[in-house]
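Chains as they are written, first to last, in the working numbering: chain A, 135 to 338; chain B, 9 to 660.
Here a beta-carbon is modelled for each residue, glycine too, at the ideal position from N, C-alpha and C.
Accompanying notes for the structure given below.
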């Protein structure tokens, strides 16, 4: 399966950085490498990363600290921890702290690539979802206050009649607002709107 | 009528006696002259007798002579009155005198007859002659006796001389004697007292003479009739001051009341020194009691050892239960210690060591072993060097021994942990250092296989070689993993560890070093810190390494500036941070990134594992370690340890 994205390697060992880049680029992925967590955070290009291969143990800011930092900044980036044999406890902790997975060095190349693909897939899903969410929210915000209120009631499953009674408007007017909502949300089906709303809105 | 009878001059019509003679002149003259002569003669005889009796005072029965004199005098008077009555008829008077004469006569006659047997017994002249002979013999004897007496007198004079010499000698002795000598009679009245006695009681010269002994020694216990008994009593000086004295009394006269001599000694100084000795003994006893020392005193000649009460009670025995001999002691000593202790004792007894000192065990009454420090010394030796008496102390050092054992155990445990972590760290380092290139190798091979798939398909041997290389790299990784597993056994045994305990036990290990290096230690430990979940021995090793590093880093710092600070803080609900800060030179800038790696060291002799081990231990506990260093000012290591058990547990 062909994947796209940029894999970012953060490791203090140059051989690991270069060989990892070599490996992931073998399957047509883009890659970037940083020799420390601090370098990664300081670099503006780092934001284009779709997957992070992160060494657990580095001088200065360790892998776990960077992981926590990313979570604080709400950057939902799949992180694969690169661990040495003895660092299993740290790896477990990393996963508990929200890492996507971990790879014990030296891992077999196929296994590494498999994890990377999984991560990219997850990343892609997240990206797509993020885009859809952003779009939905943008469209939702263009609705008038009255339209937003009606949409919320529709999502809750209220009938036009009840909405009209509650808002002290005629059923007919409710119909007109619903048509306007569909038009503004660039969709023909109210089912789609309801599904998107529960995906991107109710969860916050 | 009676008046008539006793009227001496009454005549009652009687006629003078001359009438009977019919006034015949011749007859009258004859009567008158005869009676006068008789009377005169009679009068003269008593005087002769009286004179004789007066002159012969030795006369036997003198009173008889006087009685004769009285009788004759009375007869003389009768004849005088016979003359008078010739012319004057005073017959009453004459009768009366006659009656008186009759009485005296009768008495004389009676007494004479009674006297005769006695008079007859008086010695006759022959007897007297014999007596005279005897007397002259006696006189001769007496003369000889006088002669002897003269000799004796000479002797006596000589003796007298000697006596006076003796007395002078005695006087000299009395005068110069240091002790008081008092001679007194049976009533306690002083007859003589020497100057020492006088001055002892505050008197001058002979002013003691005539005083009562009870005044000098008012002590009711003073009973001088009990001879030859030395008593300690209280004396009273002239000024009323009391002082302790010692007196011995002897009796030297046979008279009923007796004479006594008393030897008196002022024992104020002796009492004071005795009191001082008692005081010092008391002090010694108190000191021994205070230091909780038992004592022993060994007489080697008799083999008797006197053990103090504390010596016995230390072992749980009543003092009466301990026999005072060497065998008793031998029986109490632990059999494993006995040969060593005996050798030490023997060395000292032979004079090879200045002091006997041995730590050994003794069995208590409860059958347990008590560790004691026994120290002693020979106090007395014969001229040949043979020890006579030794004494010393016993101190209960069980607590110290236990502490030593605990420390030794801790050190052993720590040494084991150190060894274990060092080996683990070397294995971890090897694994890491080998795994990195292996990982890179495997990445390159994997990448090459993917990139050059079509090429490799055309060159099957190359394909095989790359596959073999990949397999070998995996195998190498497996070997490394095996070694690591072998070394790093999963014997991490965590428990709740309080920071107090951790600090205390760590500092116990490093404080001698801190003192030696003159490093001031500051411990900032807030109360009520929650415990951490970990293994004490590993955490101790962690902080031991960090503190040792800090001390080492301050080697070139001025002594006055050498401060090591240990502080602990709870940074949030889940973590606790312990900082170890020194005032050393700081970490060289190039080293900060690498110093937690194995075999990276600033010390020429350092293995470079200390901090690597620290990091391993911290990570084993699910924590983190960081260093913060300012060049020339010092370094602080921050160790963050999780407080929640599950966080630490999942690290295992």
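Restricting to Cα atoms, I'd like to know which of the options is closest to residue i.
i                      : options                       : result
residue 198 of chain A : A:277, A:289 and A:225        : A:225
residue 81 of chain B  : B:471, B:94 and B:111         : B:111
residue 139 of chain A : A:261, A:150, A:190 and A:194 : A:261
residue 45 of chain B  : B:83, B:441, B:237 and B:430  : B:83
residue 636 of chain B : B:628, B:630, B:591 and B:649 : B:591
residue 367 of chain B : B:43, B:380 and B:355         : B:380
residue 274 of chain A : A:156, A:315 and A:193        : A:315
residue 604 of chain B : B:250, B:87 and B:627         : B:627
residue 568 of chain B : B:596, B:529 and B:534        : B:529
residue 78 of chain B  : B:67, B:301, B:135 and B:51   : B:51
residue 210 of chain B : B:248, B:308 and B:233        : B:248
residue 535 of chain B : B:486, B:409, B:575 and B:524 : B:575
residue 239 of chain A : B:561, B:38 and B:486         : B:486
Where does residue i fall in DSSP's three states?
i                      : result
residue 267 of chain B : strand
residue 516 of chain B : helix
residue 603 of chain B : coil
residue 167 of chain A : strand
residue 39 of chain B  : helix
residue 21 of chain B  : coil
residue 647 of chain B : strand
residue 187 of chain B : coil
residue 565 of chain B : coil
residue 404 of chain B : strand
residue 558 of chain B : helix
residue 212 of chain B : coil
residue 500 of chain B : coil
residue 31 of chain B  : coil
residue 475 of chain B : helix
residue 158 of chain A : helix
residue 231 of chain B : coil
residue 368 of chain B : strand
Can you tell me the Cα-Cα spacing of residue i and residue j, whole angstroms?
i                      : j                      : result
residue 419 of chain B : residue 389 of chain B : 45 Å
residue 183 of chain B : residue 256 of chain B : 18 Å
residue 318 of chain B : residue 594 of chain B : 57 Å
residue 333 of chain B : residue 311 of chain B : 6 Å
residue 464 of chain B : residue 160 of chain A : 15 Å
residue 290 of chain A : residue 265 of chain A : 25 Å
residue 538 of chain B : residue 415 of chain B : 26 Å
residue 146 of chain A : residue 323 of chain A : 53 Å
residue 257 of chain A : residue 554 of chain B : 43 Å
residue 324 of chain B : residue 378 of chain B : 10 Å
residue 140 of chain B : residue 167 of chain B : 38 Å
residue 337 of chain A : residue 284 of chain A : Bear in mind that the predicted position of residue 337 of chain A carries a pLDDT of just 47, short of 50, making it unreliable; the figure below should be weighed with that in mind. Going by the C-alpha atoms only, they are around 19 Å apart.
residue 639 of chain B : residue 489 of chain B : 39 Å
residue 326 of chain A : residue 200 of chain A : 38 Å
residue 114 of chain B : residue 31 of chain B  : 34 Å
residue 191 of chain A : residue 402 of chain B : 59 Å
residue 103 of chain B : residue 37 of chain B  : 23 Å
residue 516 of chain B : residue 582 of chain B : 29 Å
Can you give the beta carbon distance from residue i to residue j, rounded, assuming they're within the 8 Å contact cut?
i                      : j                      : result
residue 187 of chain A : residue 216 of chain A : 6 Å
residue 189 of chain B : residue 205 of chain B : 6 Å
residue 353 of chain B : residue 364 of chain B : 6 Å
residue 308 of chain A : residue 298 of chain A : 5 Å
residue 254 of chain A : residue 451 of chain B : Not confirmed; about 17 Å, so no contact.
residue 518 of chain B : residue 552 of chain B : 6 Å
residue 649 of chain B : residue 559 of chain B : At roughly 22 Å, the Cβ-Cβ gap does not stay under 8 Å, so residue 649 of chain B and residue 559 of chain B are not in contact.
residue 624 of chain B : residue 436 of chain B : 6 Å
residue 571 of chain B : residue 544 of chain B : Not really, about 26 Å apart at Cβ, beyond 8 Å.
Please check if any C-beta of chain E sits within less than 8 Å of the C-beta of residue i.
i                      : result
residue 150 of chain A : Going by chain labels, chain E is absent from the structure shown, which instead holds the protein chains A and B.
What residues of chain A sit near residue i, judged by a beta carbon separation below 7 Å?
i                      : result
residue 423 of chain B : Chain A residues near residue 423 of chain B: none, gap ~22 Å exceeds 7 Å.
residue 458 of chain B : 160 and 161
residue 374 of chain B : The contacting residues do not exist; residue 374 of chain B stays about 50 Å from chain A at best.
In chain B, which residues lie with their C-beta within 9 Å of the C-beta of residue i?
i                      : result
residue 300 of chain A : What residue 300 of chain A touches in chain B: nothing, since even the nearest Cβ is about 46 Å away.
residue 248 of chain A : Going along chain B, no residue has its Cβ under 9 Å from residue 248 of chain A, so there is no contact; the nearest lies around 11 Å.
Counting only Cβ pairs nearer than 7 Å, list the residues of chain B close to residue i.
i                      : result
residue 240 of chain A : 443, 446, 447, 450, 481 and 485
residue 205 of chain A : What residue 205 of chain A touches in chain B: nothing, since even the nearest Cβ is about 15 Å away.
Run down chain A in chain order and give the residues with a C-beta less than 8 Å from the C-beta of residue i.
i                      : result
residue 620 of chain B : Ordered by position in chain A, no residue passes the 8 Å Cβ test against residue 620 of chain B, which lies about 11 Å from the chain.
Taking Cβ-Cβ distances shorter than 9 Å, what residues in chain A pair up with residue i?
i                      : result
residue 464 of chain B : Within chain A, no residue comes near residue 464 of chain B; the closest Cβ sits about 13 Å away, beyond 9 Å.
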